[in-house]
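Undergrad:
Residue numbers (the numbering used here), protein chains in the order written: chain A, 1 to 112; chain B, 1 to 113.
Now the structure itself:
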């Protein structure tokens, strides 16, 4: 009974390609997030959606486009991948009013 | 804006020794505080949190953290560590009701026999 799941777990691709990472939560939460963890393990928020509406967009290049088809899913699409996009991407979810975020297992993206 | 400082990038300890992982935060408004743990090649797991009430919070696996408003700290402690506690520990803060987590740079806890 995975609470927050992500696919794929690993993604290896060439520079210039377009790729997507999917996230699903079965916790019934209204808010979902994408975080990026760089090679030095530093975690930074990228986006936040509440009930399919974008509420946080942290100066992320517009090659990154989140899409929320419903409140249980938040996908991340990345165009024209660059070497610097190599990182681990974490999806998370929370319920407004609780301020506690639950994280998925992460997707390790490697751009060659 | 909030910020979090974890001064120790790595803390080596022997098994059964006590440990303290330091976390200081900066904020001009009231905050919630969290510790997350990341075991090797795994995702982030919530270890414990301070939202309100008692300033001492505990996890189910023996960790505790104390919120100290005057010192703007939320240090994590365990009286006796196990090999299995080897992991990266992240302190995080969010402005109450805002839901944007700001993380520290992490502390790698290395427990050896």
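All C-beta atoms in this analysis are idealised placements derived from N, C-alpha and C, irrespective of residue type, glycine included.
Since the structure is predicted, the reported quantities are computational estimates derived from the model, not experimental observations.
Check residue 11(A) in the structure and name its three-state DSSP category.
TA: Here residue 11(A) corresponds to residue number 11 of the first chain, with the count starting at 1. It is a strand residue.
Undergrad: Taking 8 Å as the cut-off, does the region 87-103 of chain A touch the region 29-36 of chain A (at least 3 CB pairs, one atom from each stretch)?
TA: Short answer: they touch.
Undergrad: Using a Cβ-Cβ cutoff of less than 7 Å, which residues in the same chain neighbour residue 71(A) once the five nearest sequence positions on both sides are dropped?
TA: Residue numbering aside, residue 71(A) sits at position 71 when the first chain is read from its first letter. If we look at residue 71(A) and ignore the five residues flanking it on each side, its Cβ neighbours are 30, 51 and 52.
Undergrad: Would you say residue 42(B) faces chain A, with C-beta separation under 8 Å as the test?
TA: Against the second chain, residue 42(B) aligns to sequence position 42. Yes, contact with chain A.
Undergrad: Quick test of your reading: residue 93(B) and residue 31(B), contact by CB under 8 Å. State the CB separation rounded to the nearest angstrom.
TA: Counting from 1 along the second chain, the entry for residue 93(B) is found at position 93. Counting from 1 along the second chain, the entry for residue 31(B) is found at position 31. Confirmed, Cβ separation roughly 5 Å.
Undergrad: Rounded to the nearest angstrom, what separates residue 90(B) and residue 103(B) at their Cα positions?
TA: Here residue 90(B) refers to the residue found at position 90 when the second chain is read from its first residue. Here residue 103(B) refers to the residue found at position 103 when the second chain is read from its first residue. Residue 90(B) and residue 103(B): Cα-Cα distance of roughly 7 Å.
Undergrad: So what does residue 108(A) bridge to, in DSSP terms?
TA: Taking the first residue of the first chain as 1, we reach residue 108(A) at position 108. Note: residue 108(A) sits in a beta bridge opposite 10(A) and 88(A).
Undergrad: Using C-beta distances below 7 Å, list every residue in its chain close to residue 157(A), excluding the 5 sequence neighbours before and after it, in chain order.
TA: In the structure as shown, chain A begins at 1 and stops at 112. Residue 157(A) is therefore absent and cannot be evaluated.
Undergrad: For residue 1(B), is the classification buried or exposed, using 16 other Cβ atoms within 10 angstroms of its Cβ as the cut-off for buried?
TA: Locating residue 1(B) in the second chain gives position 1, counting from the first residue. So residue 1(B) counts as exposed.
Undergrad: Taking CB distances under 8 Å as the criterion, tell me whether residue 90(B) reaches chain A.
TA: On the second chain, residue 90(B) is found 90 positions in, with the first residue counted as 1. It does: the Cβ of residue 90(B) has a partner Cβ on chain A nearer than 8 Å.
Undergrad: Mind pulling the chain A residues with CB within less than 7 Å of residue 32(B)?
TA: In the second chain, the residue the question calls residue 32(B) occupies position 32. Within 7 Å Cβ-Cβ: 99.
Undergrad: Could you tell me whether any Cβ in chain B is nearer than 8 Å to the Cβ of residue 41(A)?
TA: In the first chain, counting from the first residue as 1, residue 41(A) sits at position 41. Residue 41(A) counts as touching chain B.
Undergrad: Quick one: which chain A residues come within Cβ less than 7 Å of residue 106(B)?
TA: Walking along the second chain from the start, residue 106(B) turns up at place 106. Correct list: 41.
Undergrad: State buried or exposed for residue 69(A), treating a residue as buried only when at least 16 other CB atoms are found within 10 Å of its CB.
TA: For the purposes of this step, residue 69(A) is taken as residue 69 along the first chain, with counting starting at 1. Exposed is the call here.
Undergrad: Measure the C-alpha to C-alpha separation of residue 63(A) and residue 20(A) and round it to an integer number of angstroms.
TA: In the first chain, the residue the question calls residue 63(A) occupies position 63. In the first chain, the residue the question calls residue 20(A) occupies position 20. Roughly 11 Å separates the two Cα atoms.
Undergrad: Nearest to residue 126(A) by alpha carbon, out of 25(A), 6(A) and 91(A)?
TA: Not covered by the structure: residue 126(A). The range shown for chain A is 1 to 112.
Undergrad: Decide if residue 36(A) is buried, meaning its Cβ has at least 16 other Cβ atoms within 10 Å, or exposed.
TA: Numbered from 1 along the first chain, position 36 holds the residue referred to as residue 36(A). Under this definition residue 36(A) is a buried residue.
Undergrad: Out of 83(B), 73(B), 109(B) and 20(B), which one is the CA nearest neighbour of residue 33(B)?
TA: By 1-based counting over the second chain, the position of residue 33(B) is 33. For the residues 83(B), 73(B), 109(B) and 20(B), the minimum Cα distance to residue 33(B) belongs to 73(B).
Undergrad: Using beta-carbon positions only, say whether residue 103(A) and residue 48(B) come within less than 8 Å of one another.
TA: As a working mapping, residue 103(A) is identified with position 103 in the first chain. As a working mapping, residue 48(B) is identified with position 48 in the second chain. No, they are not a contact pair.
Undergrad: Who are the Cβ neighbours of residue 51(B) in its own chain at under 6 Å, not counting the five residues just before and after it?
TA: By 1-based counting over the second chain, the position of residue 51(B) is 51. The answer, listed in chain order, is 32.
Undergrad: Can a CB atom of chain B be found closer than 8 Å to the CB of residue 96(A)?
TA: Counting from 1 along the first chain, the entry for residue 96(A) is found at position 96. With 8 Å as the cut-off, residue 96(A) counts as an interface residue toward chain B.
Undergrad: Just to confirm, are residue 21(B) and residue 36(B) a CB contact at a threshold of 8 Å?
TA: For this step, residue 21(B) is matched to residue 21 along the second chain. For this step, residue 36(B) is matched to residue 36 along the second chain. Contact: no.
Undergrad: Ignore the nearest five residues each way along the sequence and tell me which others in residue 3(A)'s own chain have a CB closer than 6 Å to its CB.
TA: Here residue 3(A) is taken as the residue at index 3 of the first chain, counted from 1. Excluding sequence neighbours, residue 3(A) sits near 27 and 102.
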